[in-house]
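**Q** Attaching a single structure in structure tokens format; questions to follow.
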Amino acid sequence: MAASFEKFEPIYGEVVPECSDPGPGLLRRCLFHVYASDSFHLTVHVTDFVSGVWTTILSVSQLDDMRDTVGIGGSWSEFLDYTVASLKSDNVKLHLGQNSVSNGVATGRLVSQKAKGMPRIIIPLTKMVDSSASEAMANLSFELFRAFKSKQHLQQGDVSSSAAATDEKDKSDQLERYSSGKVDVMAPSTDNRQDSPAKQSTREANTTKPAKRVPAHRRNRKRGALLQDSEDEDG
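Rendered as structure tokens:
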């Protein structure tokens with residue numbers, strides 16, 4: 005397979021600049037973005053979104069020639085993997101040179117290594133000016149947003165997949181318990197359920213039999229009979 009940057013995943017990182025002549029203001033922490041602008045070129049942008057943008061474009065042949073300088077043997081893919089691992093490590097530094105009064109351009113280097121004591125990858129940088137710098141910062145902002153949204157969608161997909169897998173496992177476990185006879189499928193009795201006070205009062209009112217009423221003329225006759233019996237006993 006010929007050397008190329010196909011399937012190269014963009015790299016984002018944070019770095020604290022070290023400058024020999026920072027000028028009137030201190031440089032802030034910077035973000036760098038390394039991506040394949042096509043199959044045969046890597047583009048590097050470094051910016052603090054205030055002081056400017058530093059950039060470089062590396063061709064396949066330039067990066068391949070760097071192997072001799074760095075001192076890493078092996079195949080092209082192995083060297084590219086080492087370069088990627090170096091840029092993703094915590095051992096990345098940004099060295100900026102002295103500002104040029106004549107044209108306002110500053111040079112710099114992005115230096116990375118996979119681990120301390122291992123070979124260093126040195127990427128030369130040149131400061132961008134005018135509209136090209138603004139365009140590069142805008143491009144980096146949009147690419148960061150797209151990367152964030154893509155990661156967010158992946159995380160949501162993982163959560164949905166996990167929930168579906170859990171639901172499927174619960175159904176499988178329930179089916180297994182039913183088939184093994186370990187689950188009592190009888191419905192729970194409702195005889196012992198406690199009704200609310202309102203329901204109890206209604207039920208009592210419905211079940212209580214009304215008292216039998218006696219006509220008024222029958223009540224008076226009975227009272228008179230009782231009086232009559234009392235007089236007979238006295239006489």
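To convert, take the position in the sequence shown, counting from 1, and add 4; that gives the numbering used here.
C-beta atoms are modelled at their ideal positions from N, C-alpha and C, and glycine is treated no differently.
Going along the chain, which unbroken runs of the beta strand (DSSP E) with 3 or more residues stay wholly within the stretch 65 to 152?
**A** 96 to 100, 111 to 117, 124 to 131
**Q** Is the CB-CB distance between R150 and P128 below 7 angstroms?
**A** By 1-based counting over the sequence shown, the position of residue 150 is 146. By 1-based counting over the sequence shown, the position of residue 128 is 124. Contact: no.
**Q** Have a look at G56 and H157 and give me their C-alpha separation to the nearest angstrom.
**A** Looking up residue 56 in the sequence shown gives position 52. Looking up residue 157 in the sequence shown gives position 153. In a straight line, the C-alpha of G56 is about 32 angstroms away from that of H157.
**Q** Would you kindly work out how many angstroms separate the C-alpha atoms of P123 and D177, rounded to a whole number?
**A** The residue you call residue 123 lines up with position 119 of the sequence shown. The residue you call residue 177 lines up with position 173 of the sequence shown. Straight-line Cα distance between these residues: approximately 54 angstroms.
**Q** Specify the secondary structure class of D42 as computed by DSSP and reduced to three states.
**A** Here residue 42 is taken as the residue at index 38 of the sequence shown, counted from 1. Of the three classes helix, strand and coil, the one that applies to D42 here is strand, per DSSP.
**Q** So what does E18 bridge to, in DSSP terms?
**A** Reading the sequence shown from its first residue, position 14 is the one you call residue 18. Beta-bridge pairing links E18 to L35.
**Q** Check whether the Cβ atoms of K118 and S90 lie closer than 7 angstroms to each other.
**A** Position 114 of the sequence shown, counted from the start, is the residue given in the question as residue 118. Position 86 of the sequence shown, counted from the start, is the residue given in the question as residue 90. Going by beta carbons, K118 and S90 fall inside the 7 angstroms limit.
**Q** Rounded C-beta distance between V74 and I125? I'm assuming under 8 angstroms.
**A** Taking the sequence shown and counting its residues from 1, the one referred to as residue 74 is at position 70. Taking the sequence shown and counting its residues from 1, the one referred to as residue 125 is at position 121. With a Cβ gap of about 6 angstroms, V74 and I125 count as contacting.
**Q** Let me make sure I understand the geometry here. Which of A40, R33, S136, E18 has the alpha-carbon closest to that of S116?
**A** Sequence index remark: in the sequence shown, residue 116 carries index 112 (1-based). Closest by alpha carbon: E18.
**Q** From F152 to G77, what does the alpha carbon distance come to, in whole angstroms?
**A** If you number the sequence shown from 1, residue 152 lands on position 148. If you number the sequence shown from 1, residue 77 lands on position 73. So the two alpha carbons sit approximately 35 angstroms from each other.
**Q** Using CA atoms only, rank isn't needed, just tell me which of T60, L148, D52 is closest to T130.
**A** Against the sequence shown, residue 130 aligns to sequence position 126. The candidate whose alpha carbon is nearest that of T130 is T60.
**Q** Starting from S63, follow the beta strand (DSSP E) in both directions and report where the run begins and ends.
**A** Position 59 of the sequence shown, counted from the start, is the residue given in the question as residue 63. S63 -> beta strand (DSSP E) spans 57 to 63.
**Q** Keeping to the same chain, check which residues put their C-beta closer than 7 angstroms to that of W80; ignore five residues upstream and five downstream.
**A** Here residue 80 refers to the residue found at position 76 when the sequence shown is read from its first residue. Same-chain partners within the cutoff: A7, D68.
**Q** What is the rounded straight-line gap between the Cα of R33 and the Cα of H99?
**A** For the purposes of this step, residue 33 is taken as residue 29 along the sequence shown, with counting starting at 1. For the purposes of this step, residue 99 is taken as residue 95 along the sequence shown, with counting starting at 1. If I take the Cα positions, the gap works out to 12 angstroms.
**Q** Going by DSSP, what residues sit across from V54 in a beta bridge?
**A** In the sequence shown, the residue the question calls residue 54 occupies position 50. According to DSSP, V54 bridges with nothing at all.
**Q** Between C23 and E10, what straight-line distance do the alpha-carbon atoms span, to the nearest angstrom?
**A** Taking the first residue of the sequence shown as 1, we reach residue 23 at position 19. Taking the first residue of the sequence shown as 1, we reach residue 10 at position 6. Their backbone Cα atoms lie some 34 angstroms apart in a straight line.
**Q** CA-CA distance, K92 and A40?
**A** As a position in the sequence shown, residue 92 is number 88, starting the count at 1. As a position in the sequence shown, residue 40 is number 36, starting the count at 1. Pairing K92 with A40, the inter-Cα distance amounts to about 16 angstroms.
**Q** If you draw a straight line from the alpha carbon of V88 to that of K173, how long is it in whole angstroms?
**A** Translated into positions along the sequence shown, residue 88 becomes position 84. Translated into positions along the sequence shown, residue 173 becomes position 169. Cα to Cα, V88 sits roughly 40 angstroms from K173.
**Q** Per the DSSP calculation, H49 is bridged to which residue(s)?
**A** As a working mapping, residue 49 is identified with position 45 in the sequence shown. The partner list for H49 (beta bridge, DSSP) reads H37, T59.
**Q** Using alpha carbons as the reference points, say which of S65, S154, A142, L179 lies closest to L84.
**A** The residue given as residue 84 occupies position 80 in the sequence shown. Measuring from the Cα of L84, the nearest candidate turns out to be S65.
**Q** Between H45 and L179, what straight-line distance do the alpha-carbon atoms span, to the nearest angstrom?
**A** Against the sequence shown, residue 45 aligns to sequence position 41. Against the sequence shown, residue 179 aligns to sequence position 175. So the alpha carbons of these two residues sit roughly 57 angstroms apart.
**Q** Out of curiosity, what's the CA-to-CA distance linking S43 and G101?
**A** As a working note, residue 43 is residue 39 in the sequence shown. As a working note, residue 101 is residue 97 in the sequence shown. For S43 and G101, the distance between alpha carbons rounds to 31 angstroms.
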